[in-house]
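This report refers to the structure that appears directly beneath it.
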Amino acid sequence: MSVVVRFAPSPTGYLHIGGARTALFNWLYARHCGGRYLLRIEDTDRARSTEAAIRAIFEGLEWLELSPDAPPVFQSARADRHREVAERLLAEGRAYRCWCTPEELEEMRARARAEKRPVRYDRRCRGRDPASVPPDRPSVVRLAMPTEGETVIEDLVQGTVRIANAQLDDMILLRSDGTPTYMLSVVVDDHDMGITHVIRGDDHLTNAFRQYQLYRAMAVDVPTFAHIPLIHGPDGAKLSKRHGALSVTEYREMGILPEAMRNYLVRLGWSLGDREILSTEEMIRHFDIRDVGRSPARFDMNKLLSLNAHYLRERADTELLRLVLPRLEAAGIRVDEAGRRRLEAGMAGLKLRARTLVELAEAARIYVAPRPLPLTPKAARLLDDAMRKNLEALAGRLVHLQRWDEESLESACRAFAEELGLGFGKLAQPLRAALTGTTVSPGLFEVMCVLGRDEVLARIEDAARGRNPAVQQSH
RNA sequence: GUCCCCAUCGUCUAGUGGUCAGGACGCCAGCCUUUCAAGCUGGUAACGCGGGUUCGAUUCCCGCUGGGGACGCCA
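Shown next, in the form of structure tokens:
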């Protein structure tokens, strides 16, 4: 039997990283098995579902390259089919009408809680004769759960899990307005879509027992379940807004690369021995949902950043240029053709020092910002009067330098420092300040090569004449 | 409260009835060095507790503790 899986988010918000990991595991399992990976938008709660959220989900999945193999299924469009199933179950006596009002149910629950009894529907309508109820009184349709025995699920991640059927609620299938509930819709859709493996967060584990009984009532095969543990915040609690960014698109804004995010997420609960860096091909080749651990993992930004730094270094310079340019423009920096060329030439040195695209764009300023460059406070302090004269004298040498390459520049600068009776470091930092406006940058001679002679001389001239404005921010 | 799930360094994890309990991130130190990174070297740090089973348990079983989840006419 060919594997068919689905990712089934409800469009009530952005795609968060927990959902992204669920999607990734589904996708990986499908790819590994040569199966199909589908997307279903669970928008049966029309009030809370939004177009924006649906777009955010598509966008997030696209960014992570986890788009489905077929157009998405919108659950709301299938309400008639869901209703039809409920009606059939009703006719077959596997479901029944319940006339309890929401107030009545709330009171029942409150009393149960107060008396420290299990909070559950007491099935008071289960045997009720419809004729004994006024015909116009609204009713819901509930599933008649077995009251004895137990339900056992062989979960690919959780192992064998069982629950006494007495614990199962007679869940609502159709609301009093006739619309289907999530419980009904998921089961009907998963069946109709031919889903063979339901891979989702383990917050659905208890739902699985009830859904199992619904499959049985419908007299259809039950799919294989795999409930993966949720991702927790650094404090161990359920991931929430107070833990910072949740939406995958926020990570994109932060300058995280999709491949870094995927690598990070897949290692949460799944591993391949000691391997930390995994290509998509390796993940697909080795991934098995059965190998996913059962304990929840905590989100660790440092690890994500470290992975991101790695993948940043792996990306081609031209690729990074393409990603950084829009960020520079958004920051109000107009990059001309010369700046573009410099940035591309300097990218190799820049990317080695950045953990995110945001940091990369920030560091890129040294190659694209217009003269005179602003000075950070630390840089400004290095450029005292004596040093400005030294730099001007150095510029005098550089004008006549035969070859403008790293070796020539290095020997010229070192020789000059020696003449001044300075350690090279004493000259290097002020020179760096003059050339970049900061105290942190790629290697000096690399920077000089990337900038080119004219720009280097001009920047030194700026510093010598004290033309650079000050900035508050510092590296 | 009821039910379900979980438990190896701070974090992500590997692992076995007998291991110096391994790797990665972080942190610390050193090397390199014109700064910062990168790289290299070294270091720090864990089997939650109590009972069993066993010649021997981190590993198997039970309990406890701790953590998480579910108990909606939400999904």
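The C-terminal residue of the first sequence carries number 1857 in my numbering, and the numbering is unbroken.
Ideal placement from N, C-alpha and C gives every residue a C-beta, glycine not left out.
| query | result |
| --- | --- |
| Around the C-beta of Leu-1725, are 16 or more other C-beta atoms found within 10 angstroms, so that it is buried, or is it exposed? | buried |
| Once DSSP output is grouped into helix, strand and coil, what is the label at Asp-1537? | strand |
| Can you give the Cα-Cα distance for Met-1527 and Ala-1601, rounded to whole angstroms? | 14 Å |
| Return the chain-ordered ranges of every alpha helix (DSSP H) run that is complete within the region 1630-1680 and spans a minimum of 4 residues. | 1630-1635, 1640-1648 and 1662-1668 |
| Which complete alpha helix (DSSP H) runs does the region 1584-1638 hold, if anything under 4 residues is left out? | 1587-1600 and 1630-1635 |
| Would you report the Cα separation of Asp-1329 and Cys-1415, rounded to the nearest angstrom? | With the chain covering only 1383 through 1857, there is no way to say anything about residue 1329. |
| Quick test of your reading: Pro-1393 and Ala-1435, contact by CB under 8 Å. State the CB separation rounded to the nearest angstrom. | 4 Å |
| Can you check DSSP and say which residues form a bridge with Tyr-1564? | According to DSSP, which records beta bridges pairwise, Tyr-1564 is partnered with nothing at all. |
| How about Trp-1652 and Val-1630: are their beta carbons less than 8 Å apart? | no |
| Return helix, strand or coil for Gln-1855, following the three-state DSSP convention. | Confidence at Gln-1855 is low in this model, with a pLDDT of 48, below 50, so its placement is unreliable and the value that follows should be read with caution. Of the three classes helix, strand and coil, the one that applies to Gln-1855 here is coil, per DSSP. |
| Answer with buried or exposed for Pro-1358, where buried requires no fewer than 16 other C-beta atoms within 10 angstroms of its C-beta. | In the structure as shown, the chain begins at 1383 and stops at 1857. Residue 1358 is therefore absent and cannot be evaluated. |
| By alpha-carbon positions, which one of Arg-1796, Gly-1509 and Met-1490 ends up nearest to Cys-1480? | Gly-1509 |
| Within the continuous beta strand (DSSP E) that includes Ala-1477, where are the two ends? | 1477-1480 |
| By DSSP, does Gly-1834 sit in helix, in strand, or in coil? | coil |
| Taking only three categories from DSSP, how would you classify Thr-1542? | strand |
| Determine the closest residue to Leu-1421 out of Pro-1756, Arg-1502, Val-1580 and Pro-1562, with distance taken between C-alpha atoms. | Val-1580 |
| Compare the beta carbon distance of Val-1853 and Thr-1700 with 8 Å and say whether it is the shorter of the two. | no |
| Please list, in chain order, all residues of the same chain as Arg-1841 whose beta carbon is under 8 Å from its beta carbon, the five residues on each side excluded. | Arg-1753, Pro-1754, Leu-1755, Ala-1816, Leu-1817 and Leu-1833 |
| In whole angstroms, what separates the C-alpha of His-1609 from that of Glu-1474? | 31 Å |
| Identify the residues that DSSP records as bridge partners of Ile-1842: which are they? | According to DSSP, Ile-1842 bridges with nothing at all. |
| Which word fits Met-1383, buried or exposed, when buried means at least 16 other C-beta atoms lie within 10 angstroms of its C-beta? | exposed |
| Give me, in chain order, the residues of the same chain whose beta-carbon lies closer than 7 Å to that of Leu-1456; leave out the 5 immediate sequence neighbours on both sides. | For the record, residue 1456 in the displayed sequence is Phe; it is not Leu. The residues are Ile-1423 and Asp-1425. |
| Just to confirm, is the Cβ distance from Pro-1611 to Arg-1676 under 8 Å? | yes |
| Apart from the five residues just before and just after His-1857, which ones in its own chain have a Cβ nearer than 7 Å to its Cβ? | Residue placement at His-1857 cannot be trusted, given a pLDDT of 39 that sits under 50; the coordinates are not used to answer. |
| Buried or exposed: Glu-1741, going by 16 or more other Cβ atoms within 10 Å of its Cβ? | buried |
| Please state the DSSP three-state secondary structure of Ile-1436. | helix |
| Mapping DSSP to helix, strand and coil, what is His-1414? | helix |
| Leaving out five residues before and five after Asp-1718 in sequence, what residues of the same chain have Cβ atoms less than 7 Å from its Cβ? | none |
| Give the straight-line distance between the Cα atoms of Gly-1400 and Gly-1417, rounded to the nearest whole angstrom. | 23 Å |
| Starting from the C-beta of Gly-1667, find all residues in its chain whose C-beta is less than 8 Å away, skip the five residues before and the five after it, and write them out in chain order. | It should be noted that the sequence gives Arg, not Gly, for residue 1667. Result list for Arg-1667: His-1414, in chain order. |
| With C-beta atoms as the reference, is Tyr-1503 less than 8 Å away from Leu-1487? | yes |
| Out of Glu-1696, Ala-1846, Arg-1519 and Ala-1461, state which residue places its alpha-carbon closest to the alpha-carbon of Gly-1731. | Glu-1696 |
| Excluding the five sequence neighbours on either side, which residues of its own chain have a C-beta within less than 8 Å of the C-beta of Gln-1855, listed in chain order? | Note that Gln-1855 scores a pLDDT of 48, beneath 50, so its modelled location is shaky; the value from the coordinates is reported in the next line. Counting only Cβ-Cβ distances below 8 Å, and skipping sequence neighbours, we find Thr-1758. |
| Assign Asn-1850 to one of two classes, buried (16 or more other C-beta atoms within 10 Å of its C-beta) or exposed (fewer than that). | buried |
| If you measure between the beta carbons of Leu-1783 and Ala-1794, is that distance less than 8 Å? | yes |
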